[in-house]
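Heads up: the sequence shown begins at 1 in full-length UniProt numbering, then just goes up one per residue.
Ideal Cβ placement from N, Cα and C applies to all residues, glycine included.
Keep in mind the model is a prediction, meaning the values are calculated, not measured.
Below is one structure, written out as structure tokens, with a few remarks after it.
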Amino acid sequence: MYLGVRKRPWGKYAAEIRNPFTKERHWLGTFNTAEEAAIAYDISSINICGIHNARTNFHYPFLSNYFQPPLFLPPPPPPPVSELDTISNLKTNVDVDDESLVIASILQSFSCSGSYSL
């Protein structure tokens with residue numbers, strides 16, 4: 001049988017819960033199945049004691065996972081880069097590369113022509 005549930009002589013199931021703080025009994029109702037009565041008990045137990053302290057008949061993984069903090073947080077995503085920033089970075093890199101290419105071509109032309117002397 002389940003916590004807070006008892007079977008009536010005529011076949012129905014009664015559910016009640018005792019509040020641990022006030023020691024009062026709370027009538028939850030009469031149900032057709034023991035499982036329905038047990039779920040009513042679980043809901044009342046969670047309402048009275050809270051999700052972490054409640055004694056329940058069933059395991060509710062979606063409730064326990066919802067309230068548990070994640071064990072490990074993934075790193076935050078990189079900040080978004082605007083298209084203008086990307087273009088300006090490419091321009092400066094291209095300018096530097098173009099400048100070095102120009103210098104290299106000038107030096108190569110001098111070395112090939114032999115027109116300079118020391």
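| In terms of alpha-carbon separation, which member of Pro76, Glu35, Asn57 and Pro78 lies closest to lysine 7? | Distance check between lysine 7 and each of Pro76, Glu35, Asn57 and Pro78 places Glu35 closest, using alpha-carbon atoms only.
Q) When you compare only the Cα positions, how much space is there between glutamate 16 and histidine 52? A) The alpha-carbon separation between glutamate 16 and histidine 52 amounts to approximately 20 Å.
From threonine 30 to serine 44, what distance separates their C-alpha atoms?
So the alpha carbons of these two residues sit roughly 14 Å apart.
(Q) Using the three-state DSSP reduction, which class does isoleucine 39 fall into: helix, strand or coil? (A) In this structure, isoleucine 39 counts as helix in the three-state DSSP scheme.
Less than 8 Å between C-beta atoms, sequence neighbours within five positions excluded: which residues of the same chain meet that for isoleucine 39? If the five residues before and after isoleucine 39 are omitted, its C-beta is found closer than 8 Å to the C-beta atoms of Asn57 and Phe58, all from its own chain and listed in chain order.
Check your understanding: What are the residues that DSSP puts in a beta bridge with tyrosine 13?
Key -> Beta-bridge partners of tyrosine 13 (DSSP): Lys7 and Phe31.
| message | Going by beta-carbon coordinates alone, are leucine 3 and tyrosine 41 separated by less than 8 Å? | response | Between leucine 3 and tyrosine 41, the CB-CB gap stays under 8 Å.
**Message:** Suppose the cutoff is 7 Å on Cβ atoms and the five residues either side in sequence are ignored; what does the same chain contact list for arginine 25 look like?
**Reply:** Excluding sequence positions up to five before and after arginine 25, its CB lies within less than 7 Å of the CB of Glu16 and Arg18, all in the same chain and listed in chain order.
- Item | Collapsed DSSP secondary structure at valine 94 in the structure displayed | For valine 94, the pLDDT reaches just 49, beneath the cut-off of 50, and the residue's location in the model is therefore unreliable, leaving the point undetermined.
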